[in-house]
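Trainee:
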Amino acid sequence: MYRVIVPIFNKKFTAEQLALLAKQLKKANVSEILLTFPRVLRSKQSLEEQIDIFLRNKTFLEEQGIEVNAWLVPTIGYGGTGRKFQYDHDADIAYTRIKHFDGSLVYAYCPLDDAFTDDYIQTLKALCSTGVKFIMFEDDFTISGGKGYDLGCACPKHMALYRQLLGKNISEVEMKKALYEGGENEIRSVWQAALRKTLVNFAEKIEREVHADYPQVRIGLSANSSSYNLEGVAIPELATIIAGSTRPFIRLTGAPYWKNALSAATNMEAVRLQADWCRRFDPFIEIVAEGDTYPRPRHWVPANLLEHYDMSLRADGNLDGILKYMADYTSNAEYETGYFERHARNAEHYAEIERRFSNKRSVGLNVFEAMMTVGKTTFNEKLTPNTLCQNGHLPTMAQEMCVDNSVPTAYNDPGSASVVFGESAHFLSEKDLSRGVILDATAALILHQKGIDVGIRRVKEAPVPCAEYFCAENDVVSCALDREGIFYQFDLADRAEVVSQFLAGAEGLGVIDGDIDELPRFPACYYYENGDGQRFLVYSFVAHTTRVRSGWSKGLFRHYLRQTQLIAGVERLQGHPLPAVCEGHPQLYIICKKDERSMSVGIWNIFADEVICPVITLDRSYAKADFYHCAGKIDKNKVLLQGDIPPYGFALFTVYI
20 MYRVIVPIFN KKFTAEQLAL LAKQLKKANV SEILLTFPRV LRSKQSLEEQ IDIFLRNKTF
80 LEEQGIEVNA WLVPTIGYGG TGRKFQYDHD ADIAYTRIKH FDGSLVYAYC PLDDAFTDDY
140 IQTLKALCST GVKFIMFEDD FTISGGKGYD LGCACPKHMA LYRQLLGKNI SEVEMKKALY
200 EGGENEIRSV WQAALRKTLV NFAEKIEREV HADYPQVRIG LSANSSSYNL EGVAIPELAT
260 IIAGSTRPFI RLTGAPYWKN ALSAATNMEA VRLQADWCRR FDPFIEIVAE GDTYPRPRHW
320 VPANLLEHYD MSLRADGNLD GILKYMADYT SNAEYETGYF ERHARNAEHY AEIERRFSNK
380 RSVGLNVFEA MMTVGKTTFN EKLTPNTLCQ NGHLPTMAQE MCVDNSVPTA YNDPGSASVV
440 FGESAHFLSE KDLSRGVILD ATAALILHQK GIDVGIRRVK EAPVPCAEYF CAENDVVSCA
500 LDREGIFYQF DLADRAEVVS QFLAGAEGLG VIDGDIDELP RFPACYYYEN GDGQRFLVYS
560 FVAHTTRVRS GWSKGLFRHY LRQTQLIAGV ERLQGHPLPA VCEGHPQLYI ICKKDERSMS
620 VGIWNIFADE VICPVITLDR SYAKADFYHC AGKIDKNKVL LQGDIPPYGF ALFTVYI
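Quick note on the working numbering: the sequence shown kicks off at 20 and runs consecutively.
Right under this line is the structure:
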């Protein structure tokens with residue numbers, strides 16, 4: 020059963036306000052909410068007041084047939100130096116605050132301080148006493164807070180732990196240098212081990228003490244973008260620890276409101292990746308998506324973005340539900356009803372997606388990403404921990420390249436090639452390499468240094484290019500970045516086939532200075548098959564340094580010739596075409612799933628232009644097709660839709676062998 024849970028900000032509601040809220044929830048057929056509860060420190064009176072408010076609201080809504088559970092906000096703390104949380108009282112004086120290696124003390128509390136963890140657990144137990152069956156933690160159950168530019172913790176307790184683990188004295192300055200510069204080293208490994216020890220011990224303490232008194236209460240975690248890489252322990256393991264004998268729970272990160280990617284679909288991919296990571300660790304974990312529409316209302320995040328997010332993740336089929344943020348946190352329930360209305364209207368679409376996509380496996384280009392790679396990352400002035408957090412955690416750059424070019428993806432398709440960027444290349448197996456691999460410069464150099472022939476003979480750093488020349492198409496695309504990325508000039512083996520070339524020169528406003536034919540060139544992308552039959556499509560940029568965060572810069576990924584290059588390149592790598600492609604339409608998001616006799620395809624147009632009578636090219640000829648929310652016909656390996664996909668519209672079809 021796919022759970023739809025609506026978060027509600029807890030406050031002193033009137034009976035009339037609660038009645039309006041219950042009405043909206045029932046109209047949308049929502050029967051479960053998470054009511055926020057503030058972390059209260061250092062004040063028994065304040066804690067009792069908040070419990071009273073929570074209980075009054077919980078009782079009223081449960082009498083209306085709505086299940087009420089809790090969302091505890093914050094946990095360790097968000098960090099930041101601006102102001103403390105309003106219910107901290109004098110905790111900032113009484114407890115050890117997390118200290119970053121830049122020297123700043125933030126408004127988050129170190130879990131090595133037993134006085135803080137004891138106080139926190141008392142709040143948690145008080146919340147359990149209200150009769151809730153489930154408590155979800157906020158996404159700040161971390162030491163870093165997800166921010167690579169202010170790593171922690173450098174408090175006296177943690178510095179003592181680092182020295183103990185290292186077996187020698189070390190200063191904060193030495194720690195920071197090892198974390199922020201160079202590659203894999205002993206100090207960085209000790210830092211990760213210490214963070215792991217801190218969070219695991221805190222999770223174990225919570226589980227032990229809470230479940231001693233309230234054994235049936237489930238405790239779940241929420242992920243942030245650092246939860247799989249930067250905290251010394253990945254969140255799937257923490258979730259299983261804190262759950263004890265109950266079913267683990269994780270609210271994934273990556274929401275419709277995220278603006279750190281220029282495509283909403285990239286955030287959907289981030290969710291699919293996390294779901295795969297969690298399922299691989301423990302298939303029993305309950306996983307829900309973060310359908311957050313912050314800051315609300317629809318002026319900022321349209322309901323259709325939330326609906327596309329929900330529908331595509333239902334099609335993916337690897338989640339158990341969604342935390343769907345449809346109610347405004349401040350205003351009355353009837354102030355913004357648009358999210359509820361579209362959720363209710365789309366109920367029949369959800370049912371069709373379930374019917375059409377369930378019990379099938381995802382097919383497409385494998386996005387190969389490993390957890391916990393920060394220890395192996397080589398940092399320099401262009402690739403800093405902050406750059407990695409902004410451009411390498413979630414969504415990942417490999418996901419962004421696929422989504423920007425409407426390439427259908429999978430996370431465990433044994434018959435398909437893989438795209439592997441950055442330090443994830445350390446974890447490639449011989450089997451992965453045998454199926455064909457797309458690499459960025461970092462991944463290629465990792466394999467090269469391991470003695471795997473990827474076609475590189477010599478390498479030197481190259482200038483940031485202004486454009487890219489595509490050999491087969493005899494055409495040039497400008498490629499301005501909004502940052503200084505890292506590029507390499509590879510001298511290649513004789514068998515390497517250059518597919519495109521970067522042009523070194525100046526560019527402004529999308530116009531290239533000078534004569535293009537006279538600009539220096541170096542390989543941008545090449546295809547290579549080595550003597551062992553391993554096939555590679557290699558790019559000469561370091562992906563983590565090339566993400567475009569401004570709509571004023573084109574970047575390297577988002578253009579039609581890159582799409583053509585990827586479609587052809589993947590087919591060459593794996594020996595068969597992608598399952599379904601539809602070229603020439605920006606921000607078209609495609610999910611494909613197969614069983615033994617059919618393939619279901621979902622197409623979401625997350626763009627302001629309609630897709631005019633799209634033609635979808637399939638991986639083989641199919642005998643027949645049926646359609647939902649569109650009309651069309653099949654002609655061997657092509658599906659021709661008879662009509663447009665409107666802006667923020669979608670189309671579903673299934674083809675049969």
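Note that the Cβ used here is the ideal one computed from N, Cα and C, for glycine as well.
Just so it is clear, the structure is predicted and the values come from calculations on it, not from any experiment.
Quick one: give me the first and last residue of the beta strand (DSSP E) that I154 is part of.
Mentor: 153–156 is the extent of the beta strand (DSSP E) around I154.
Trainee: Just verifying my parser: in three-state terms, what is the DSSP assignment at K379?
Mentor: K379 falls in the coil class under three-state DSSP.
Trainee: I need the DSSP call for Y679, collapsed to helix, strand or coil.
Mentor: The question about residue 679 has no answer here: the residues shown for the chain are numbered 20 through 676.
Trainee: Distance check for G150 and R227, CA to CA, integer angstroms please.
Mentor: Their backbone Cα atoms lie some 19 Å apart in a straight line.
Trainee: In the DSSP output, what is Q211 paired with across the bridge?
Mentor: BP columns for Q211 are empty, so no partner.
Trainee: Does the beta-carbon of F303 have 16 or more other beta-carbons within 10 angstroms, so that it is buried, or is it exposed?
Mentor: By the 10 Å Cβ count, F303 comes out exposed.
Trainee: What distance in whole Å lies between the Cβ atoms of S245 and H412, which are believed to be in contact at a cut-off of 8 Å?
Mentor: Sure, about 6 Å apart at Cβ, within 8 Å.
Trainee: Against chain B, does N493 count as a neighbour if the rule is that its beta carbon must be under 8 Å from one of theirs?
Mentor: This model lacks chain B altogether; it includes just one protein chain.
Trainee: Does DSSP classify N48 as helix, strand or coil?
Mentor: It is coil, neither helix nor strand.
Trainee: Tell me the residue span of the beta strand (DSSP E) that contains T636.
Mentor: Start and end: 634–637.
Trainee: Ordered along the chain, which non-local residues of its own chain (more than five positions away) have a Cβ less than 6 Å from that of E51?
Mentor: The residues are I24, E86.
Trainee: In angstroms, rounded to a whole number, what distance separates the CA positions of K643 and G434?
Mentor: Approximately 24 Å, taken between the alpha carbons.
Trainee: Please confirm whether F487 and V478 have their CB atoms less than 8 Å apart.
Mentor: In the sequence as displayed, the identity of residue 487 is Glu instead of Phe. No, Cβ-Cβ distance for E487 and V478 is not below 8 Å.
Trainee: Would C174 be called buried (16 or more neighbouring beta carbons within 10 Å of its own) or exposed?
Mentor: Its Cβ being crowded by 16 or more others within 10 Å, C174 is buried.
Trainee: Taking 8 Å as the cut-off, decide whether the C-beta atoms of V439 and A462 are in contact.
Mentor: Yes.
Trainee: Buried or exposed for F56, please, with buried defined as at least 16 other CB atoms from any protein chain shown within 10 angstroms of its CB.
Mentor: F56 should be labelled buried.
Trainee: Answer yes if the region 120–135 comes into contact with the region 87–102, meaning at least three C-beta pairs across the two stretches below 8 Å, and no otherwise.
Mentor: Yes: the two stretches touch, three or more of their Cβ pairs being nearer than 8 Å.
Trainee: Who does G340 pair with in a DSSP beta bridge?
Mentor: DSSP output for G340 lists R22, V307 as bridge partner(s).
Trainee: Does the distance from the C-beta atom of E223 to that of A274 stay below 8 Å?
Mentor: For E223 and A274, no; Cβs fall outside 8 Å.
Trainee: Drop a sphere of 10 angstroms on the beta-carbon of E480, count the other beta-carbons inside from all chains shown, and report buried for 16 or more, exposed for fewer.
Mentor: Its Cβ having fewer than 16 others within 10 Å, E480 is exposed.
Trainee: Taking the beta carbon of Q551 as the centre, do at least 16 other beta carbons fall within 10 Å, making it buried, or is it exposed?
Mentor: For clarity, residue 551 is Asp in the given sequence; the question names Gln instead. Result: exposed.
Trainee: How is the alpha helix (DSSP H) around I254 delimited, first residue to last?
Mentor: Segment 254–262, the alpha helix (DSSP H) holding I254.
Trainee: Given a cut-off of 8 Å on the beta-carbon distance, is the pair Q606 and S377 in contact?
Mentor: Cβ distance not < 8 Å, so Q606 and S377 don't count as in contact.
Trainee: Quick one: residues in its chain with C-beta nearer than 8 Å to the C-beta of K176, no 5 flanking neighbours on either side, listed in chain order?
Mentor: Contacts found: T115, C129, L131, D132.
Trainee: Tell me whether G516 sits in a helix, a strand or coil according to DSSP, three-state version.
Mentor: Per the sequence shown, residue 516 should be read as Glu rather than Gly. Looking at E516 - three-state DSSP - the assignment turns out to be strand.
Trainee: Looking at the secondary structure, which residues open and close the alpha helix (DSSP H) in which M330 lies?
Mentor: First-last of the alpha helix (DSSP H) with M330: 322–335.
Trainee: Does the region 657–676 come within contact of the region 317–329, defined as at least 3 CB pairs closer than 8 Å?
Mentor: Verdict: yes, contact present.
Trainee: Check whether the Cβ atoms of S241 and F156 sit closer than 8 Å, and answer yes or no.
Mentor: In contact: S241 and F156 (Cβ atoms closer than 8 Å).
Trainee: Can the beta-carbon of D459 be found closer than 8 Å to that of F560?
Mentor: In contact: D459 and F560 (Cβ atoms closer than 8 Å).
Trainee: Does the beta-carbon distance from E629 to D663 come in below 8 Å?
Mentor: Yes; because the gap between Cβ atoms is below 8 Å, this pair is in contact.
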